[in-house]
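Counting from 1, one number per residue, gives the positions in the sequence shown under our numbering.
What follows is a short report on a single structure.
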Amino acid sequence: MNYRHLGRAGIQVSELSFGSWVTFHTQAGIDSTVEMMTAAYDAGVNFFDNAEGYAGGKSEEVMGAALKRLGWRRGSYLVSTKLFWGLHEGPNEQNTLNRKYLLESIDGSLARLGMDYVDLLYCHRADPTTPIEETVWAMHNIIERGKALYWGTSEWEAADIVTAIEIAERHHLHKPVVEQPVYNLFDRHRFGADYDRLYKEFGYGSTTWSPLASGLLTGKYKAGIPSDSRGALEGYGWLQEQLTDADRLAKVAALEPIARDMGASLAQFSLAWCLQNPHVSSVLTGASRVEQVRENMKAIAFIDSFTPDVMQAIDKVFE
Ligand code: NDP
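Structure follows, in structure tokens:
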């Protein structure tokens, strides 16, 4: 495993990291989580991603219990969480980045994770109803209180990120250092175009999500939705349209021979494609079982296989 700086920040993250969305609590209990996190850690993963909103807080509890059982040295890994959606109904506690919500919610996340601090704390979405200045101050205060080491954004507009950085610089506050955007062969516009300035001008880091488009880029949805897949889970009906879209499936089929020529599985090929972009600090992988983790971790062997010919062949599929 190689490690990349989180943009210009001093901290380094493994090229492949491991996240808990959908899987922890819903598909994986503590035993299975311990097994998957161990496989990732043994392969060199040093960054584990979570969010307050995943499984209504249960995902943080499962990761916290797994880490307690694993007993790894705290300095050897990074944990993140993300705030925005909220766990309670009420005007100040949902879909917000107001000061009260942020300062209270971080304590809830830390209690569920069983930790004194998280390494990275993300604003899970932008909140157009709270002044960015209020959010920047709150995130700064959380860091000053020792509850997070770095903070970042997820799916914010580039202009809002620049505003947040400029406010922080003006007041000598802790700046956001990392964005968490979607990035995969199908969804790449924002990462590839909108955020370009952030990486080049501000040295912003990136931990990218859904590299396999929720599993579509493994080829597993070719013959319909497997009963043991994310696409079959209750409550994820909204994903089914994307996972069974004929045009997307045709593109997946066209990618298969390119991956095969490389000697990679489609999952490994799709993960490595994300990593050939130098603006990616870490690709957040997800898995519902340990075999997937083992397969996915081998993707790093293919990062240098994306020759101009291969890139051209991929462009042809998506043109
Ligand atoms: P992927 O797009 O890679 O999807 C992962 C899912 O695909 C797995 O849970 C599994 O689902 C299936 N899969 C993975 N590997 C294989 C394999 N080798 N063979 C067959 N199936 C496979 O990533 P996620 O969508 O899970 O996102 C990764 C992480 O990114 C999340 O855990 C989270 O930390 C973060 N994230 C952040 C968001 C944000 O808004 N900031 C939003 C979404 C994710 P199954 O077995 O059930 O089919």
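Beta carbons are placed, not taken as given, at the ideal position from N, Cα and C, and that holds for glycine.
- Query: Between the Cα of G75 and the Cα atoms of D119, A40, D309, which residue gives the shortest distance?
  - Reply: D119
- Which residues bound the beta strand (DSSP E) around E52? Looking at the DSSP string, E52 is not in any beta strand (DSSP E), and its letter there is neither H nor E.
- Message: Does the stretch 53-65 come into contact with the stretch 127-141, if we say contact requires no fewer than three beta-carbon pairs (one atom in each stretch) closer than 8 Å?
- Response: no
- Buried or exposed: S227, going by 16 or more other Cβ atoms within 10 Å of its Cβ? exposed
- Closer than 6 Å by C-beta to A313: which residues in its own chain qualify, once you throw out the five before and the five after it? Chain order, please. I258
- Item | Per-residue burial, G237 [other beta carbons within 10 Å of its own, 16 or more giving buried] | exposed
- Whole-number beta carbon distance between L121 and I142, since they are thought to touch under 8 Å: 6 Å
- Quick one: any contact between the stretch 249-268 and the stretch 154-173, if contact means 3 or more CB pairs under 8 Å? no
- Which of helix, strand or coil does DSSP assign to L97? For L97, the secondary structure class from DSSP, reduced to helix, strand or coil, is coil.
- Task: Closer than 6 Å by C-beta to R248: which residues in its own chain qualify, once you throw out the five before and the five after it? Chain order, please.
- Result: none
- Could you have a look at E295 and say whether DSSP puts it in helix, strand or coil? helix
- Query: Which of the three DSSP states, helix, strand or coil, is assigned to D119?
  - Reply: strand
- Message: Using the three-state DSSP reduction, which class does H5 fall into: helix, strand or coil?
- Response: strand
- With a Cβ-Cβ cutoff of 7 Å, do L275 and E15 count as a contact? Yes, the pair counts as a contact, with Cβ atoms nearer than the cut-off.
- In three-state terms, what does DSSP make of V22? coil
- With contact counted as at least three CB pairs below 8 Å, one residue from each stretch, are the stretch 76-84 and the stretch 102-117 in contact? In this structure the stretch 76-84 touches the stretch 102-117; the number of beta carbon pairs closer than 8 Å is three or more.
- Message: Here's the rule I'm using: 16 or more other beta-carbon atoms within 10 Å means buried, otherwise exposed. How should L243 be labelled?
- Response: buried
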